[in-house]
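A short write-up of the structure that comes next.
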Amino acid sequence: EAGVTQFPSHSVIEKGQTVTLRCDPISGHDNLYWYRRVMGKEIKFLLHFVKESKQDESGMPNNRFLAERTGGTYSTLKVQPAELEDSGVYFCASSQDRNIQYFGAGTRLSVL
Amino acid sequence: AQKVTQAQTEISVVEKEDVTLDCVYETRDTTYYLFWYKQPPSGELVFLIRRNSFDEQNEISGRYSWNFQKSTSSFNFTITASQVVDSAVYFCALSEADNTGKLIFGQGTTLQVKP
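Those protein sequence lines, which keep their order, are chains A and B.
Heads up: the first sequence is residues 71 to 182, going by my numbering.
Heads up: the second sequence is residues 47 to 161, going by my numbering.
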């Protein structure tokens, strides 16, 4: 069974550009979570999908971040326009019935 | 407010030593879950264990053991006879039962096991 996969593994962009991160959860997992780790600090929750619906987006930093999960399968997280402080590692996780969350390897975003 | 504290930023040990990673949590809920995840150099977070707040029994899995003490709000992780492959960042996390399942992480402890 395939695990959680994230694309790209690393993205380097300039301030003001747009970047889209993708997450493919484990097949059959209705719950999908996005997290972010900035500058070696703790990993922080961004938002939670149940199927295609946003259940909790209390961790989204501002309106430059847009997450979607059309059809309840894969999810995208778009940052537009990117700022320097958006640099970090973005993790995606999925779970069944809000049980154990399985994580991907993350996308390392560098905004220059 | 919920919070998880891993006071040890970095730990370095020599192979075969035992090492304990500390985790202290804060929550107002009576029902919650505690987790440990391992992040090896490859980057993915690997699930190690989940405990619920009503089960204070310690757990052992091979060289790994966990000590859960509600009286001190701690959930410590011990690796016995450490190996080089144990080198990684270890995260402790908390999830409250009445929320969406989101995890609240500690800052992580980087463990380096030297040969």
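A virtual CB, placed ideally from N, CA and C, is assigned to each residue, including glycine.
Supposed close pair residue i, residue j - CB separation, criterion 8 Å
i	j	result
PHE161 (chain A)	GLY174 (chain A)	6 Å
TYR71 (chain B)	VAL50 (chain B)	5 Å
TRP112 (chain B)	GLU105 (chain B)	5 Å
Environment of residue i [buried if 16+ CB atoms lie within 10 Å]
i	result
ARG109 (chain B)	exposed
THR177 (chain A)	buried
GLN85 (chain B)	buried
GLN129 (chain B)	exposed
PHE170 (chain B)	Not covered by the structure: residue 170 (chain B). The range shown for chain B is 47 to 161.
VAL131 (chain B)	exposed
THR76 (chain B)	exposed
GLN171 (chain A)	buried
HIS99 (chain A)	buried
VAL60 (chain B)	exposed
Chain-ordered neighbours of residue i on chain A, where CB pairs are closer than 9 Å
i	result
SER88 (chain B)	ALA175
The ligand SAM heavy atom lying under 8 Å from the CB of residue i
i	result
ALA134 (chain B)	Of ligands this structure carries none, so the ligand SAM is not represented either.
Contact under 9 Å by Cβ, residue i with residue j
i	j	result
LEU67 (chain B)	THR146 (chain B)	no
TYR103 (chain A)	LEU80 (chain B)	no
ARG106 (chain A)	ILE96 (chain A)	no
SER180 (chain A)	ILE83 (chain A)	yes
THR118 (chain B)	ASP64 (chain B)	no
ALA152 (chain A)	GLN76 (chain A)	no
GLN153 (chain B)	GLN52 (chain B)	yes
ASN101 (chain A)	SER165 (chain A)	yes
Interface partners of residue i on chain B, CB under 7 Å
i	result
ILE113 (chain A)	PHE137 and PHE151
TYR172 (chain A)	PHE93
PHE161 (chain A)	LEU91
Beta bridge counterpart(s) of residue i as assigned by DSSP
i	result
GLU105 (chain B)	B:TRP112
PHE151 (chain B)	B:ALA139
LEU91 (chain A)	A:LEU147
LYS114 (chain A)	A:ARG106
ASP126 (chain A)	A:HIS118
Contact set between residue i and chain A, taken where Cβ atoms lie within less than 7 Å
i	result
SER148 (chain B)	Reading the sequence as shown, one finds Lys at residue 148 (chain B) and not Ser. Result: TYR103, PHE115, HIS118 and ASP126.
Under 8 Å from the C-beta of residue i: neighbouring residues of chain A
i	result
ARG96 (chain B)	ILE170
Per-residue contacts from residue i into chain B (C-beta, under 9 Å)
i	result
SER165 (chain A)	GLY147
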